[in-house]
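> Below is a structure I'd like to ask you about.
4 protein chains.
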Amino acid sequence: MEHKIDMKNEPIHTDLAIELTKNEVRSNEDGIKITDINLSKEEAKKINKKEGNYITIEFDDITDYVARKKVKTVFSKELKKIIENNKIKKDDLCLIIGLGNDKSTPDSLGPLTISKVLVTNHLFLYGDMEEGFRRVCAISPGVTGSTGIETSDLIKEMTKSLKPNFIIVIDALASSSVERVNKTIQITDSGISPGSGIGNKRKEISKDILNIPVIAVGVPTVVDAASIVSDTINYMYSHFAYQKENIDNPKTKLTFNVNYLKYGNKTKIKREDRQKLLGIIGTLSDEDTKTLIYEILNPIGYNMMVTPKEEDFVIDKLSELISEGINETLHEKI
Amino acid sequence: MEHKIDMKNEPIHTDLAIELTKNEVRSNEDGIKITDINLSKEEAKKINKKEGNYITIEFDDITDYVARKKVKTVFSKELKKIIENNKIKKDDLCLIIGLGNDKSTPDSLGPLTISKVLVTNHLFLYGDMEEGFRRVCAISPGVTGSTGIETSDLIKEMTKSLKPNFIIVIDALASSSVERVNKTIQITDSGISPGSGIGNKRKEISKDILNIPVIAVGVPTVVDAASIVSDTINYMYSHFAYQKENIDNPKTKLTFNVNYLKYGNKTKIKREDRQKLLGIIGTLSDEDTKTLIYEILNPIGYNMMVTPKEEDFVIDKLSELISEGINETLHEKI
Amino acid sequence: MEHKIDMKNEPIHTDLAIELTKNEVRSNEDGIKITDINLSKEEAKKINKKEGNYITIEFDDITDYVARKKVKTVFSKELKKIIENNKIKKDDLCLIIGLGNDKSTPDSLGPLTISKVLVTNHLFLYGDMEEGFRRVCAISPGVTGSTGIETSDLIKEMTKSLKPNFIIVIDALASSSVERVNKTIQITDSGISPGSGIGNKRKEISKDILNIPVIAVGVPTVVDAASIVSDTINYMYSHFAYQKENIDNPKTKLTFNVNYLKYGNKTKIKREDRQKLLGIIGTLSDEDTKTLIYEILNPIGYNMMVTPKEEDFVIDKLSELISEGINETLHEKI
Amino acid sequence: MEHKIDMKNEPIHTDLAIELTKNEVRSNEDGIKITDINLSKEEAKKINKKEGNYITIEFDDITDYVARKKVKTVFSKELKKIIENNKIKKDDLCLIIGLGNDKSTPDSLGPLTISKVLVTNHLFLYGDMEEGFRRVCAISPGVTGSTGIETSDLIKEMTKSLKPNFIIVIDALASSSVERVNKTIQITDSGISPGSGIGNKRKEISKDILNIPVIAVGVPTVVDAASIVSDTINYMYSHFAYQKENIDNPKTKLTFNVNYLKYGNKTKIKREDRQKLLGIIGTLSDEDTKTLIYEILNPIGYNMMVTPKEEDFVIDKLSELISEGINETLHEKI
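Residue numbers (our numbering), protein chains in the order written: chain A, 5 to 338; chain B, 5 to 338; chain C, 5 to 338; chain D, 5 to 338.
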């Protein structure tokens, strides 16, 4: 009961619309899955997000060059589409903003990308810029923790003097599922609230505030501890179900380190088994379980950030992919 | 049963001796707790560690200057002691090694510390070094993932030409409890195995291998996902016990975000309650629970690294504390 | 003649008022020299600088801890004075701006200092700030070359939302003399023009523009090639004069690597000797020589930046000195 | 006279063989010039270099993508050639060493390149490496100033355990001419002496010492102050000659900022004019002039490092070019 109430105050920690809505996959080729979500004001309000279009690109791995190139092509195609849908013209001035903290590996996606995008605005000012390039500015405003300034206020004032026609903002996001970390790109024209996903909500950066299109590009690089705990509970069920089914299967007796998830679909755990395994917890819905875990971890300050071990390497590749994708999209000549 | 067997193959992921042994606190003043552990060959073998002396300094917070200075004083006093116990003379040449990856925030403690320690050896070579300073070399060998080289082999050969009289090696460690992350310094003369704590064991760096004293200084900066899950289960018990006890306490009705841990001692959960709450899981010992969770997360590759949100800031302060502590200990003049 | 004309178009490349005006040393103790310059509108115009007060602190070396501490004490005393002269109150909000490029060693003084100053503004917002601390924000806006944005415009808009009561801006400067590089701190309430010293003038950051006091703190970290050439010509004279005088001095026959500058005062070179040594060039005034060299190096694009070899180390120490000095000045509690 | 003597003690500061020997251009296409130098023991001794083959690639600009790609293709073709000439087989283990200081922009070429080369050795150890890749290790040993260790000793011991079949060492070099800075790649099988070019000679890294081929790849990123002064004196002559010739040319009256170098060939300055312009200095040979300037700048510690203003950007591009060139050369699959 109280849980239900709390759930409203304590939204699930994710920046991905795909994790909060029913949705249909638009295409799924070459291991790259694309999903469209269009949130109306009402739907958006329900899940505490902003209305707008959300394009979600899911992939397996971008550490190898070939895979990365494939994802990059899809990414810039989708970015181009959303830019056109927002009536942005080929000569419009673009301001690219890299949110996040360049000193914290999983939060450095924004600043790293900024350091790799092509900046041209000053060259136009000095008059030495050739055909086929768009005017582009880029900035990493830093995090409030080290500037003392509300990032969205900073952006708001900047746009007044700079007068960009549209903004692309890049940020590391939070996912509520470990399976999506570093394996998802979300593109949306609904803007962004810096750090909203990891629970310290700041004022938003959006068309409502700035009166120009704000296209946000994000990749989940963290999940919070509560998410990994509730995920683990679900894995427990699959694991348990798998074990039960294979109890007399000599093969699994030998190989214990089997990836039972692959069998997850076949083996559904029964309600009574869930309860047998996990008691009261076993009777709770996913949402209630998650909410309970937030209630347990937050007050004692242990709802930490979860990050894969090779994060620094992956972030470097992701920033390369996104910066190149943006360069190709913004400049005809490239 | 199988769990028991597995437990041997799958050690609990921690680099802290204090988390693997019964031990007695030596002193507890000013919120700084010091524990001595002396592992014999046999005891060490049991817990898959190396024999030797382990000094563990536990504290609450080092982000504020005054607290940090206090911890630094204790740290260099204890470091001095272990150096003397190892019969190291005041003119002995010291090689300081910073293990870890400077591009990955929670793993950058070693390289960051190296960048701040006082290096003097070359000044001695050039003859322009005053009294009261010891010969010190320092290096960050990088991680195998980016060098392709087994770090311990690298160190082994280096010592052959450099001929240091002793080594101080600094590394970020893994803890099996979130409560110790960034709040513990372990000093030991048993050496270290790079990355052992986070599950990719490498050859060790120790007196057995190098025939000179190797003093390892480490701070846990990560816990793995399995640890946070099993910790959470224990918090569930405290939380549940607290709720049950305070069910009719009007105060707690209002303030839900109460830190129930403070009441943890008062309220012990009963065995039947554990089972009621968590079914079969509720019947397992802590060790078995943890082992089960490893079995669940490892095969599917989701036993990720958990790190506090402000890690970059804390690591910077920790490296400052340790480098200054080492400088004061190694050089009379400072 | 033409030189004279050109000289007006081609100002000498320096950000230090002390290098452009007659001035009197206020104090000279402990190897730390302090000079006050007060430029009226007229005087300022003549030398292409802004009117205001310039405090110049000259010292020998800050790489050693004791020397650095001395300079720091002098620096924060002088900074406090200029802050008080500008009627800044103890509760006034301060915005600290670090100009320059953190990726270019000699230009990274500003960003490096920012990363070390104490930022408190957000803590006041969240209400958890104790007595004795001032509200401080800090930002490194980056360089136009990588943002595409005119830095002064950026600052101008930021101040509109942030409404600081005064600004401290830190920047690496250019000197026209190698002897001052890394050995001078200039504090002025006349503001600054980013990059003016190294010849790519930008719009200024000053009280005239922002209507609040702007205190600029700078250290020369570069000289341009033309300066080092003309300096060298002067050294040629001293060297030549010294040689001539000591031609029969057996001591100097043996030790060739003598620092003749120490004898510079004793030995003045005669006009005819200058001409004998350097022909027409020997007849030119310092100013004309410098101007001629600009004419020679600029059109072929070889007026490069000159930097000492250990710059990265010195910059680190300088940023430490300045950040600590600022922290002590801005916060009573420190 | 004394100059002659001194000249032997005081070699001209350059790491480029091309600046110390007569040589013939092998090819000059597309603005990319390739020169071969083969130094015998005797010739090498005369110019204080090591015997061996030196391939010098000179180009104009690599900041634009197309130009960079052209130079990269030439570079990896030449690197492949020198590798084959040294009888290195396709499965031989390669150790890549990045010399220099990652904290000092013009000296960071080595470490930056290392961070971008493909490292595979550990993958072979773990058995998950596909066909078409060579075993490669890479390390940035740091500079003696921050490690306290003689870099060549470090390398020597490393090779004993690692047993590479050959070494590729990358380092930022010094040139004695501003015109070559960032516009030259030298590939040689004669090895290298860390920091030799900028006057603090260290023990060499070469086949003589290590008994395996050592291929050094270097780019001049600095010239010392003495070089720029003597270059300037030569520009003075061209400038003077140009002026004299065009004294009555109305065009040059108007456009003063003309690049007189382009006319340099046409206009040779006469001996008497040199003397008229620069007196005694005008009578000295280039070599003597340079040596004199060293005598003037060294004893007073002002022989600083000269670096172009955009160095950080250029270094990033150069390290990209070299790392990609090396990857293509070492791995058939790429």
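Backbone N, C-alpha and C define an ideal beta-carbon position, used for all residues, glycine too.
Report the residue from A:145, A:142, A:242, A:148 whose alpha carbon sits nearest the alpha carbon of residue 303 of chain B.
Nearest of A:145, A:142, A:242, A:148 to residue 303 of chain B, Cα basis: A:242.
> At a CB distance below 9 angstroms, what residues from the region 109 to 141 of chain D approach chain B? Give them in sequence order.
Of all residues in the region 109 to 141 of chain D, 118, 119, 123, 124, 125, 126, 127, 128, 129, 139, 140, 141 have a Cβ within less than 9 angstroms of some Cβ in chain B.
> With a floor of 3 residues, list each beta strand (DSSP E) that falls wholly inside the region 33 to 84 of chain A, ordered by position along the chain.
Runs of the beta strand (DSSP E) inside the region 33 to 84 of chain A: 36 to 43, 56 to 62.
> Comparing C-alpha positions only, which one of A:218, A:244, A:320 sits nearest to residue 58 of chain A?
Ranking A:218, A:244, A:320 by Cα distance to residue 58 of chain A puts A:218 first.
> For the alpha helix (DSSP H) that residue 115 of chain D lies in, which residues bound it at each end?
113 to 118 is the span of the alpha helix (DSSP H), which, as asked, contains residue 115 of chain D.
> Give the single residue among B:41, B:62, B:24, B:127 whose Cα lies nearest to the Cα of residue 34 of chain B.
Selected option, being the one with the closest Cα: B:62.
> Listing by chain order, which chain D residues have their CB less than 7 angstroms from the CB of residue 229 of chain C?
By Cβ distance, chain D contributes 232, 310.
> With a threshold of 8 angstroms between beta-carbons, can residue 157 of chain B be considered close to chain D, or not?
Closer than 8 angstroms: yes.
> Which word fits residue 278 of chain D, buried or exposed, when buried means at least 16 other C-beta atoms lie within 10 angstroms of its C-beta?
Its Cβ being crowded by 16 or more others within 10 Å, residue 278 of chain D is buried.
> Which term fits residue 193 of chain C, buried or exposed, when burial requires 16 or more other beta carbons within 10 angstroms of its beta carbon?
Burial call: buried.
> Could you give the uninterrupted runs of the alpha helix (DSSP H) lying entirely in the region 267 to 328 of chain D, keeping only those of 4 residues or more?
With a minimum length of 4 residues, the continuous alpha helix (DSSP H) runs that stay inside the region 267 to 328 of chain D are 275 to 282, 290 to 301.
> Can you list, in chain order, the residues of its chain whose CB lies under 7 angstroms from that of residue 331 of chain A, leaving out five sequence neighbours each side?
121, 122, 338, listed in sequence order.
> Identify whether residue 149 of chain C lies in helix, strand or coil by the three-state DSSP scheme.
Residue 149 of chain C falls in the helix class under three-state DSSP.
> Give me the Cα-Cα distance between residue 65 of chain D and residue 106 of chain C, rounded to the nearest whole angstrom.
Distance between the alpha carbons of residue 65 of chain D and residue 106 of chain C is about 24 angstroms.
> Distance cutoff 8 angstroms, beta carbons only. Does residue 160 of chain D sit that close to anything in chain E?
Absent from the structure is chain E; the protein chains it does hold are A, B, C and D.
> Hey, would you say residue 310 of chain D sits closer than 8 angstroms to residue 182 of chain D, going by beta carbons?
Yes, they are a contact pair.
> Taking buried to mean at least 16 other C-beta atoms within 10 Å of its own C-beta, is residue 147 of chain A buried or exposed?
Residue 147 of chain A should be labelled buried.
> Kindly indicate the opening and closing residues of the beta strand (DSSP E) around residue 21 of chain C.
Premise fails: residue 21 of chain C is in no beta strand (DSSP E) and is neither H nor E.
> Helix or strand or just coil, what does DSSP make of residue 28 of chain B?
In this structure, residue 28 of chain B counts as strand in the three-state DSSP scheme.
> Taking 8 angstroms as the threshold (beta carbon to beta carbon), is residue 334 of chain A in contact with chain C?
By this cut-off, residue 334 of chain A is not an interface position.
> Measuring only the C-alpha atoms, how far is residue 75 of chain C from residue 329 of chain A?
Those two C-alpha atoms are separated by around 49 angstroms.
> Determine the closest residue to residue 155 of chain B out of B:164, B:145, B:163, with distance taken between C-alpha atoms.
Nearest option by C-alpha distance: B:145.
> Going along chain A, which residues have a C-beta under 8 angstroms from residue 165 of chain C?
Chain A residues near residue 165 of chain C: 157, 158, 160, 161.
> In this structure, how does DSSP classify residue 175 of chain A when only helix, strand and coil are distinguished?
Three-state DSSP puts residue 175 of chain A in a strand.
> Check whether the region 17 to 30 of chain C touches the region 122 to 140 of chain B, counting contact only when three or more Cβ pairs, one atom from each stretch, lie closer than 8 angstroms.
Segments in contact, no.
> Please list, in chain order, the chain C residues whose beta carbon lies closer than 8 angstroms to that of residue 148 of chain A.
Chain C residues near residue 148 of chain A: 126.
> Which residues does DSSP pair with residue 222 of chain D in a beta bridge?
According to DSSP, which records beta bridges pairwise, residue 222 of chain D is partnered with D:175, D:190.
> For residue 228 of chain B, which of B:246, B:289, B:187, B:312 has the nearest alpha-carbon?
Of the listed residues, the one whose Cα sits closest to residue 228 of chain B is B:312.
> Measure how close the beta-carbons of residue 110 of chain D and residue 236 of chain D come, nearest whole angstrom, since I'm counting them as under 8 angstroms.
That belief does not hold up - the Cβ atoms of residue 110 of chain D and residue 236 of chain D are roughly 20 angstroms apart, past 8 angstroms.
> Out of curiosity, what's the CA-to-CA distance linking residue 98 of chain C and residue 40 of chain C?
Taking the straight line joining both Cα atoms gives about 24 angstroms.
> If we count the other Cβ atoms within 10 Å of its Cβ and call it buried at 16 or more, is residue 136 of chain D buried or exposed?
Exposed, since its Cβ has fewer than 16 Cβ neighbours within 10 Å.
> So is residue 2 of chain B in contact with chain D if we call contact Cβ pairs under 8 angstroms?
No answer is possible for residue 2 of chain B: the residues shown for chain B start at 5 and end at 338.
> In chain order, what residues of the same chain have a beta carbon less than 6 angstroms from the beta carbon of residue 281 of chain D, not counting five sequence neighbours either side?
Hits under 6 angstroms: 244.
> From which residue to which residue does the alpha helix (DSSP H) around residue 103 of chain C run?
Where residue 103 of chain C is concerned, there is no enclosing alpha helix (DSSP H), given that its DSSP letter is neither H nor E.
> DSSP three-state call for residue 330 of chain A: helix, strand or coil?
In the structure shown, residue 330 of chain A sits in a helix (DSSP, three-state: H, G or I).
> Closest by CA to residue 334 of chain B, which one among B:47, B:87, B:30, B:77?
Looking at the Cα atoms, B:87 is the closest of the given residues.
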